[in-house]
Amino acid sequence: MDVFKAVSSRLEIREFADKPVPDEVKLRVLEAARLSPSGVNTQHWRFILVDDKKALRELADMSTTGKWVGDAAFAVIVLTDPKYPFHRLDAGRVISSMQLVAWEDGVGSRIYTGIDEQRMRGRFGIPQSLEITAVVGFGYPKRRVLGRKNRLPLEKVAFQGRYGEPLSLKH
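Residue numbers (full-length UniProt numbering): 1 to 171.
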């Protein structure tokens with residue numbers, strides 16, 4: 001799948017099939033995270049792979065917005081170092097890379113940030129020096145993914161030279 005097709009076709013998956021994701025796909029997802037850029041090449045992010053069903057249910061119980069992760073095939077807890085002012089930007093780059101690589105293999109994903117921080121730190125051994133920036137659940141979609149992204153037209157969000165100035169690019 002080419003990158004533009006992946007970006008334009010990927011949707012957030014709300015329901016996952018009860019089907020395991022092969023280890024090689026999980027490794028590719030984690031490699032995509034590792035290979036993602038980071039500010040000043042700090043590589044400050046860390047990742048916890050959660051693929052045990054019991055642990056996924058516990059992760060769901062520790063969430064205020066991600067109860068669905070209990071049905072995912074696996075999840076990645078994305079940790080960043082808040083001493084870097086760009087740490088959340090770096091997390092976004094990592095997450096996007098992971099999601100696109102997963103989607104290339106037919107694996108959908110969804111993100112959440114609403115967590116019970118202290119419980120998660122205790123259960124997964126997360127040091128206080130790192131921020132639990134997001135959790136990304138992955139799995140094969142339960143249903144065939146159909147749909148269209150509901151996005152504003154390009155001319156409403158992109159300008160040329162100055163805010164509000166229309167694009168003069170040719171198709």
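Cβ atoms here follow ideal geometry from the backbone N, Cα and C, with glycine treated the same way.
Three or more beta-carbon pairs separated by less than 8 Å are not found between the region 23 to 32 and the region 61 to 71, which leaves the two stretches without contact. Three or more beta-carbon pairs separated by less than 8 Å are not found between the region 143 to 163 and the region 74 to 91, which leaves the two stretches without contact. For F86, no beta strand (DSSP E) segment is defined, and its DSSP state is neither H nor E. The Cβ-Cβ distance between F16 and D51 does not fall below 7 Å. For the region 4 to 56, the continuous alpha helix (DSSP H) assignments of 4+ residues that do not extend past its boundaries occur at 23 to 35, in sequence order. When DSSP states are grouped into helix, strand and coil, F124 belongs to the helix group. Between P141 and E104, the alpha-carbon positions lie close to 13 Å from each other. Here S63 is bridged, per DSSP, to I115. Assignment of E155 by DSSP, reduced to helix, strand and coil, places it in the helix class. Per DSSP, reduced to three states, the secondary structure at E131 is strand.
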